[in-house]
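In my numbering, the protein residues as written are 1 to 112. Positions of the beta carbon are idealized from the N, C-alpha and C atoms, including for glycine. Predicted model, so just to flag it, every value in this text is computed and none were measured.
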């Protein structure tokens with residue numbers, strides 16, 4: 001069933017290959033069902049209300065509550081796949097975070 005040591009369709013992790021080779025068919029079905037349930041729903045951009053993109057695109061650099069949700073605890077800007085922002089707004093978020101850092105509203109690095 002699983003012949004190649006580099007290809008594991010069910011888990012995608014090479015370390016589990018020996019475990020996956022000894023699993024029964026009923027357990028495989030359960031594993032597939034669990035993975036299907038864990039699929040994440042598609043995120044929507046928090047800045048576009050109902051799909052409407054207001055022009056000009058602007059993210060306020062003084063709105064620290066919003067900006068703190070878009071950076072991690074180390075101070076790095078979170079990627080689009082984590083926040084759900086559109087490409088247009090991700091660029092605006094980057095600009096706003098850079099401005100807030102320059103002024104001193106946000107830290108460049110974490111306090112830890």
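Between residue 58 and residue 100, the CB-CB gap reaches or exceeds 8 Å.
In the DSSP annotation of this structure, the continuous segment of the alpha helix (DSSP H) that includes residue 69 starts and ends at 64 to 69. If you compare the alpha carbons of 37, 71, 84 and 111 with that of residue 95, the shortest gap goes to 71.
Per DSSP, reduced to three states, the secondary structure at residue 23 is coil, with no helix or strand assignment. Listed in chain order, the alpha helix (DSSP H) elements of length 4 or more contained wholly in the stretch 63 to 108 are 64 to 69, 80 to 83 and 87 to 103. In this structure, the beta-carbon distance from residue 84 to residue 109 does not fall below 8 Å. If you draw a straight line from the Cα of residue 44 to the Cα of residue 62, it comes to about 23 Å.
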